[in-house]
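Trainee:
Numbering (the numbering used here), first residue to last: 3 to 135.
#1: Express the C-alpha separation of residue 19 and residue 127 in angstroms, rounding to a whole number.
#2: Could you tell me the distance, in whole angstroms, from the CA atom of residue 89 to the CA atom of residue 25?
#3: So, with DSSP's three-state summary, where would you put residue 108?
#4: State yes or no: is the C-beta of residue 103 within less than 8 Å of the C-beta of residue 38?
#5: Here's the rule I'm using: 16 or more other beta-carbon atoms within 10 Å means buried, otherwise exposed. How should residue 108 be labelled?
#6: Is it right to say residue 17 is buried, meaning 16 or more other beta carbons lie within 10 angstroms of its own, or is it exposed?
#7: Between residue 97 and the rest of its own chain, which residues show a CB-CB distance below 6 Å, the 5 nearest in sequence each way excluded?
#8: Do you know offhand how far residue 58's Cα is from residue 115's?
#9: Where does residue 119 fall in DSSP's three states?
#10: Rank 101, 9, 125 and 124 by C-alpha distance to the C-alpha of residue 15 and give the top, closest one.
#11: Would you say residue 35 and residue 99 are within 8 Å of each other, going by their C-beta atoms?
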């Protein structure tokens, strides 16, 4: 016998475009994203804000994919990177991914990069942006 997993409560009507109801009604859909409740979201955001290295950020990205199905890319933007806002943080389209989460995760990552700018330099270096310097 399998126990049902607790899922996130629905967003207020008209506020979010996550498609939670459609996801629940689709048989065989990946419901892992709905396990991210408010308490778990706060814990995730806190971990992202307190990253210590680029390797840790990449491990957290991998864990978000494994546990929640969230595909997140963090890379330098197409134009100049003068501030942390120049780092492109993008989600792959996924039903059930709440608008609030799509805003709060990049904000938390940027805060973490601002606390430890050496991580941003390692990210830029990993994408070979310093090759001509």
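Glycine is no exception: its CB is placed at the ideal position from the N, C-alpha and C atoms.
Mentor: The relevant details are as follows:
#1: 36 Å
#2: 31 Å
#3: helix
#4: yes
#5: buried
#6: exposed
#7: 21 and 25
#8: 12 Å
#9: helix
#10: 101
#11: yes
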